[in-house]
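In what follows, a single structure is set out as structure tokens and then discussed.
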Amino acid sequence: MAVARTRCVALVGVNGHIVEVEADVGPGVVGTHFIGLLDMAISEARGRVRSALINSRFDWPDARVTVSLFPASLPKRGSIFDLAIAIAVLAAARAVPVQRVAEPVFLGELGLDGRVRPVRGVLPAALAAAEAGARTIVVPSLNAAEAALVPGLTVVPVVSLGELVEWLRSGDLRRLPVVADAASLSPDDAPAAGPGGTGLVADKPPSAGPYGRREPDMRDVVGQPVGRKALEVCAAGGHNLWMLGPPGTGKTMLAERLPTLLPPLEPDQALEVTAIHSVAGTLPPGRPLLTRPPFTAPHHTATVAAVVGGGSGGLVRPGAVSLSHRGVLFLDEAPEFQTSVLDSLRQPLESGKVTIARAMGTITFPARFALVLAANPCPCGNSGTPGHPCRCTPTARRRYLARLSGPLIDRIDVKVRIGRATRAELLADRHFTEPSQVVADRVLIARERAAKRLAGTPWRSNAEVASAALHNDFRLSAGALAPLHRGLDLGTLSARGLDRVLRVAWTLSDLSGKDRPGEPETSAALAMWLGVE
Numbered sequence: 002m003a004v005a006r007t008r009c010v011a012l013v014g015v016n017g018h019i020v021e022v023e024a025d026v027g028p029g030v031v032g033t034h035f036i037g038l039l040d041m042a043i044s045e046a047r048g049r050v051r052s053a054l055i056n057s058r059f060d061w062p063d064a065r066v067t068v069s070l071f072p073a074s075l076p077k078r079g080s081i082f083d084l085a086i087a088i089a090v091l092a093a094a095r096a097v098p099v100q101r102v103a104e105p106v107f108l109g110e111l112g113l114d115g116r117v118r119p120v121r122g123v124l125p126a127a128l129a130a131a132e133a134g135a136r137t138i139v140v141p142s143l144n145a146a147e148a149a150l151v152p153g154l155t156v157v158p159v160v161s162l163g164e165l166v167e168w169l170r171s172g173d174l175r176r177l178p179v180v181a182d183a184a185s186l187s188p189d190d191a192p193a194a195g196p197g198g199t200g201l202v203a204d205k206p207p208s209a210g211p212y213g214r215r216e217p218d219m220r221d222v223v224g225q226p227v228g229r230k231a232l233e234v235c236a237a238g239g240h241n242l243w244m245l246g247p248p249g250t251g252k253t254m255l256a257e258r259l260p261t262l263l264p265p266l267e268p269d270q271a272l273e274v275t276a277i278h279s280v281a282g283t284l285p286p287g288r289p290l291l292t293r294p295p296f297t298a299p300h301h302t303a304t305v306a307a308v309v310g311g312g313s314g315g316l317v318r319p320g321a322v323s324l325s326h327r328g329v330l331f332l333d334e335a336p337e338f339q340t341s342v343l344d345s346l347r348q349p350l351e352s353g354k355v356t357i358a359r360a361m362g363t364i365t366f367p368a369r370f371a372l373v374l375a376a377n378p379c380p381c382g383n384s385g386t387p388g389h390p391c392r393c394t395p396t397a398r399r400r401y402l403a404r405l406s407g408p409l410i411d412r413i414d415v416k417v418r419i420g421r422a423t424r425a426e427l428l429a430d431r432h433f434t435e436p437s438q439v440v441a442d443r444v445l446i447a448r449e450r451a452a453k454r455l456a457g458t459p460w461r462s463n464a465e466v467a468s469a470a471l472h473n474d475f476r477l478s479a480g481a482l483a484p485l486h487r488g489l490d491l492g493t494l495s496a497r498g499l500d501r502v503l504r505v506a507w508t509l510s511d512l513s514g515k516d517r518p519g520e521p522e523t524s525a526a527l528a529m530w531l532g533v534e
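In structure tokens, the structure reads:
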């Protein structure tokens, strides 16, 4: 009996770090000792691992067992280390060949009966293993498809500790259903879920729902041509949207259809988004690749930690803003959210990421999303609606919308009023509605024009372009800027608002097929930015 080494992965946010698991079985007072900056879940692993070994008909060493997780300075959390610890102890006790456990990376939680249970964060862990040069990764069978998304890795799915030990003893890959570099999952293999606030995505065409129901489609929204146009502009440029109007006018319907207009995620974006949902534990087993932009709609009672991310005990998880990365975050009844929650959105809207500070350090999650706010004009919702008198006092109306702070509204690119449509307007507008696919085709063309213009820059959409580039590399003519200069002079347009308007103007130019925005585009963009003033 001596020292054996194997490997696992520690997750810090959505980034994985290789951890070397060492086990020493030697003389001394009989006992089990864990070292290496561990949390309670890992400290409890000694009981899970011991019971799993005994119930799998392996002897627990009758000696002093010391398990070290290196580097000691890296925080380690969760039950993902169970399998690696068990294999390291068995190898140190010479129950399995030492040389066969050194190269693979082992991930998984152990049940007391020896079953290998699924864990969160397998995709970012597999990505870290591949970057560290690992060629083989052993994961719970329910996480195998997720790990197989990483090219260059041989994925070994296991159901129980017993079958894994048999494989290690024999070295015969045919004993287990090995998945070798199965990153070729097509979009049809990805999970399907409608945009109802689950954080998952609809990876099937809008016409085919996962349970035989039709997915949301733009043709369903009748009587709101201004809202549909605003949605198209926001989809083409990745802009933020605020819709103000009484209840029942279609604000939620419009928001739910925004993901159907967005292009599918590019391969690197799909892996990035999937890794976030893997850490959050929202990936369904078997078909984990998210290829459609996600849609997240938290309830107005959500806390800052639920929206931005956080947690207690050192376990920090992504919030709704990160689950919406590369997709849409929808806040319905936005003034009902806590002011602290709304103000916490300002940093990710500007930087595209959210940083959470804790005693053990800081963790950064990506959070580049399109924000959609929906609000009633007053608490009762009838302000400004003909035939429906408002019951709210002027003070109540002011206080209601004042919950949306000026700095937050300043970061919204497009603002539109959504009014109640008459019966005649509903009947007439039915002839002008278009399916989501038709609008999505126009959006895709506009995005391709923007991508061609932004080639060689770190930006992929107009909403991401930095202020310096807008006023230098992409500076518009004096004639095109004239409406914006008037807005600055009158005080109706802020410096930040100027940048927002310019980005929307470029999107309008892309949708109309123009090389550069002119005065019509900047005027229209300014009107969209001032929409609910």
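Using the working numbering, the first residue of the sequence shown is number 2, and each one after it goes up by one. Note that CB positions come from ideal geometry on N, CA and C, so glycine has one too.
Going by CA-CA distance only, name the one from the options that's closest to residue i.
i, options, result
"Ala53", "Val117, Trp243, Arg78", "Val117"
"Ala46", "Ala148, Gly328, Leu111, Val502", "Leu111"
"Gly27", "Ala237, Ala306, Arg95", "Arg95"
"Pro1", "Ser437, Gly310, Pro264, Met41", "There is no way to answer for residue 1, as the model of the chain reaches only from 2 to 534."
"Arg258", "Ala397, His278, Pro436, Ala127", "Pro436"
"Ile364", "Phe433, Pro226, Gly312, Pro98", "Gly312"
"Ser57", "Glu167, Ala298, Pro518, Ser384", "Glu167"
"Ala397", "Pro378, Ser406, Glu351, Ile43", "Pro378"
"Leu372", "Pro158, Asp333, Thr356", "Asp333"
"Leu512", "Glu465, Val66, Ala526", "Ala526"
"Phe370", "His389, Cys381, Ser384, Pro349", "Pro349"
"Pro299", "Thr283, Leu262, Leu330, His326", "Leu330"
"Ala425", "Asn473, Val309, Gly224, Leu154", "Gly224"
"Glu21", "Ser142, His389, Ser171, Ala89", "Ala89"
"Leu262", "Gly282, Lys230, His326", "Lys230"
"Thr394", "Leu165, Glu104, Asn383, Leu266", "Asn383"
"Ala256", "His472, Ala281, Gly29, Val222", "Val222"
"Val440", "Ala451, Arg461, Cys235", "Cys235"
Quick one: Cα of residue i to Cα of residue j, how far?
i, j, result
"His240", "Asp411", "13 Å"
"Pro76", "Met244", "43 Å"
"Met529", "Leu12", "43 Å"
"Ser524", "Val415", "13 Å"
"Gly195", "Pro217", "Note on Gly195: pLDDT 34, under 50, position unreliable in the model; the coordinate value appears next. Going by the C-alpha atoms only, they are around 8 Å apart."
"Ser161", "Arg51", "14 Å"
"Met361", "Val317", "11 Å"
"Leu124", "Glu147", "6 Å"
"Thr7", "Asp114", "22 Å"
"Pro248", "Ala376", "9 Å"
"Gly87", "Val322", "Here the sequence assigns Ala to residue 87, which means Gly is not the residue at that position. Near 37 Å, if we compare the C-alpha coordinates of Val322 and Ala87."
"Ser74", "Pro367", "24 Å"
"Asn463", "Arg497", "15 Å"
"Phe107", "Ala127", "10 Å"
"Arg517", "Leu272", "34 Å"
"Ser187", "Val68", "Residue confidence is low: Ser187 scores 41 on pLDDT, short of 50, so the model does not pin down where it sits. No coordinate-derived value is stated."
"Gly79", "Ala467", "39 Å"
"Leu150", "Pro141", "15 Å"
"Leu428", "Gly310", "45 Å"
"Arg347", "Leu405", "11 Å"
"Leu242", "Arg359", "32 Å"
Would you call the CB atoms of residue i and residue j closer than 9 Å?
i, j, result
"Thr304", "Leu290", "no"
"Ala92", "Ala135", "no"
"Gly251", "Ile419", "yes"
"Gly238", "Val505", "yes"
"Gly320", "Ala335", "no"
"Ala481", "Gly519", "yes"
"Ile357", "Leu324", "no"
"Leu70", "Ile36", "yes"
"Met219", "Thr423", "no"
Tell me where the alpha helix (DSSP H) around residue i begins and ends.
i, result
"Val322", "321-324"
"Ser69", "No alpha helix (DSSP H) contains Ser69, which is instead part of the beta strand (DSSP E) from 65-71."
"Arg121", "Where Arg121 is concerned, there is no enclosing alpha helix (DSSP H), given that its DSSP letter is neither H nor E."
"Asn56", "46-56"
"Leu512", "496-513"
"Gly32", "Premise fails: Gly32 lies in the beta strand (DSSP E), 32-36, not in any alpha helix (DSSP H)."
"Lys453", "437-454"
"Ala103", "Taken as a continuous stretch (DSSP letters only), Ala103 belongs to no alpha helix (DSSP H), as it is neither H nor E."
"Ser279", "268-281"
"Ile81", "From DSSP, Ile81 is part of no alpha helix (DSSP H); its letter is neither H nor E."
Which first and last residues belong to the beta strand (DSSP E) in which residue i is found?
i, result
"Pro141", "137-141"
"Val22", "16-27"
"Gln8", "Sequence inspection shows Arg at residue 8; the Gln mentioned does not correspond to that position. 4-13 is the extent of the beta strand (DSSP E) around Arg8."
"Pro158", "155-159"
"Asn416", "Checking the sequence, you will find Lys at residue 416 rather than Asn. Per DSSP, Lys416 belongs to the beta strand (DSSP E) from 415-418."
Could I get the ranges of all uninterrupted alpha helix (DSSP H) runs contained in the region 213-243, with 4 residues as the minimum, in chain order? 226-238
Taking only runs that begin and end inside the region 307-395, name each unbroken alpha helix (DSSP H) of 4 or more residues, in chain order. 321-324, 340-344, 347-352
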